[in-house]
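Those sequence lines, one after another, are chains A and B.
With this note's numbering as the guide, the letters of the first sequence map in order to residues 57 to 200.
With this note's numbering as the guide, the letters of the second sequence map in order to residues 11 to 151.
Following: one structure in structure tokens, then a few remarks.
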Amino acid sequence: MFRVTRRYEFAASHRLDAPQLGAEENRRLYGKCNHPYGHGHNYVVEVSARGPLDAATGRAVDTALLDDLVARQVLVPFGHCNLNEEIDSFKRVVPTSENLAVEICRRLKANWSAAFPGGWPKLEKIRIAETARNIFEIRADEIE
Amino acid sequence: MVITRKVEFSASHICRNPQLSEEENRRLFGPSANPHGHGHNYVVEVSLAGDPDPVTGMVLDLKELKEILTREVLEPYDHRFLNYEVPPFDRVVPTTENIARDIWRRIEPRVSDGRRRLHAVRVYETADLYVDYFGEEPCSA
């Protein structure tokens with residue numbers, strides 16, 4: 057079995073502020089991440105897919121197809137944007153990297169079979185480094 | 011417990027299947043199909059799973075693993091043109107997947123025994139693309 061992982065980057069801003077909580081509670085909970093005008097990160101996203109080898113190409117994943125899918129669903133909409141203001145799902149949930157991982161995984165999963173109609177490869181997991189020290193990982197089978 | 015040793019080699023390759031047309035090779039492999047070849051600094055991480063020996067406290071002496079990797083992988087691969095100089099890549103496309111599988115086949119008989127087994131071979135072609143190979147077991151849905 058092969059697992060192929062591709063690494064991507066995008067830069068975006070966010071602010072962590074839960075509308076259910078008061079201003080003081082948000083400041084206490086999120087600290088610097090609650091500063092009112094937001095701040096940004098160079099997010100590093102690793103997308104892993106698994107599958108058997110294709111006999112003709114000697115590859116398990118056509119990385120050009122994966123690059124297209126990730127560009128369309130993640131890098132173009134999220135790159136150089138304000139996640140809170142410009143991405144619909146972050147109008148409903150706080151754009152923590154946990155929720156960002158869920159959203160990226162959901163987008164890739166929802167469009168996966170159109171990009172890879174043959175049944176293989178399968179999306180396995182998403183890993184996001186918000187900074188080099190804060191890393192978040194979700195398996196595709198953890199979400200609907 | 012899983013232990014990992016990392017080694018690096020530099021090599022050139024061409025990704026093209028001689029049974030396919032020029033156009034199809036370009037579509038499938040992009041610039042990697044350039045007939046003159048190109049190179050990478052490959053990084054290989056070899057992971058073994060097992061229990062530490064009760065006397066030595068080691069799963070496998072990493073010096074010994076380093077010697078195996080040097081003899082079985084670096085000596086044949088380093089500063090070579092894979093397609094022309096390193097079988098089986100005279101007949102198998104040297105994609106990152108096939109390189110990971112070939113490394114597995116070269117070292118698995120040398121490192122697996124009753125107490126430990128080869129767990130994974132990870133090959134980085136660049137920092138942005140890597141492959142993990144876990145052996146021949148079929149893919150589960």
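Each residue gets a CB set at the ideal place from its N, CA and C atoms; glycine is no exception.
Can you have a look at residue i and say buried or exposed, based on whether 16 or more other CB atoms are within 10 angstroms of its CB?
{"i": "B:Y73", "result": "Position check: residue 73 of chain B holds Lys in this sequence, whereas Tyr was assumed. B:K73 should be labelled exposed."}
{"i": "B:A110", "result": "buried"}
{"i": "B:V12", "result": "exposed"}
{"i": "A:C119", "result": "Looking at the sequence itself, residue 119 of chain A is Thr, so the reference to Cys does not match. Buried, because 16 or more other Cβ atoms sit within 10 Å of the Cβ of A:T119."}
{"i": "B:I113", "result": "buried"}
{"i": "A:V132", "result": "exposed"}
{"i": "B:E147", "result": "exposed"}
{"i": "A:Q76", "result": "exposed"}
{"i": "B:V141", "result": "buried"}
{"i": "A:A111", "result": "exposed"}
{"i": "A:G107", "result": "buried"}
{"i": "B:V65", "result": "exposed"}
Rounded to the nearest angstrom, how far is the Cβ of residue i from that of residue j, given a contact under 8 Å?
{"i": "A:L109", "j": "A:A171", "result": "Rounded, the Cβ-Cβ distance is 19 Å, inconsistent with contact."}
{"i": "A:I182", "j": "A:V103", "result": "6 Å"}
{"i": "B:D88", "j": "B:A21", "result": "7 Å"}
Residue i bridges to which residues according to DSSP?
{"i": "B:V131", "result": "B:V56 and B:Y143"}
{"i": "B:A21", "result": "B:H50 and B:R90"}
{"i": "A:T119", "result": "Answer is none; A:T119 lacks a bridge partner."}
{"i": "B:L84", "result": "Answer is none; B:L84 lacks a bridge partner."}
{"i": "A:K178", "result": "A:R106"}
{"i": "A:G96", "result": "A:S69"}
{"i": "A:Y64", "result": "A:V101"}
{"i": "A:F192", "result": "A:I184"}
{"i": "B:F99", "result": "Answer by DSSP bridge pairing: none, since B:F99 is not bridged."}
{"i": "B:K16", "result": "B:E55"}
{"i": "A:F58", "result": "A:G107 and B:Y143"}
{"i": "A:C137", "result": "A:A68"}
{"i": "B:T136", "result": "B:L139"}
Under 8 Å (Cβ pairs) to chain A, residues found in the region 38-71 of chain B:
L38, F39 and G40
Quick one: any contact between the region 49-67 of chain B and the region 125-143 of chain B, if contact means 3 or more CB pairs under 8 Å?
yes
For the region 99-122 of chain A, which residues have a beta carbon sitting closer than 7 Å to at least one beta carbon of chain B?
R106, G107, P108, L109, A112, T113, G114, R115, A116, T119 and A120
Check whether the region 131-147 of chain B and the region 42-55 of chain B touch, using three or more Cβ-Cβ pairs below 8 Å as the test.
yes
When you check each C-beta in the region 61-76 of chain A against every C-beta of chain B, which residues fall closer than 8 Å?
T61, R62, R63 and Y64
Against chain A: residues of the region 100-122 of chain B by CB proximity under 9 Å:
V102, V103, P104, T105, T106, E107, N108, A110 and R111
Residues of the region 130-144 of chain B whose Cβ lies closer than 8 Å to any Cβ of chain A, in chain order
A137, D138, L139, Y140, V141, D142, Y143 and F144
Of all the residues that make up the region 156-171 of chain A, which are near chain B by a beta-carbon distance shorter than 9 Å?
none
When the Cβ atoms of the region 139-153 of chain A are set against those of the region 24-35 of chain B, are three or more pairs found closer than 8 Å?
no
Determine, using beta-carbon pairs with one atom in the region 65-73 of chain A and one in the region 84-92 of chain A, whether at least three such pairs fall under 8 Å.
yes
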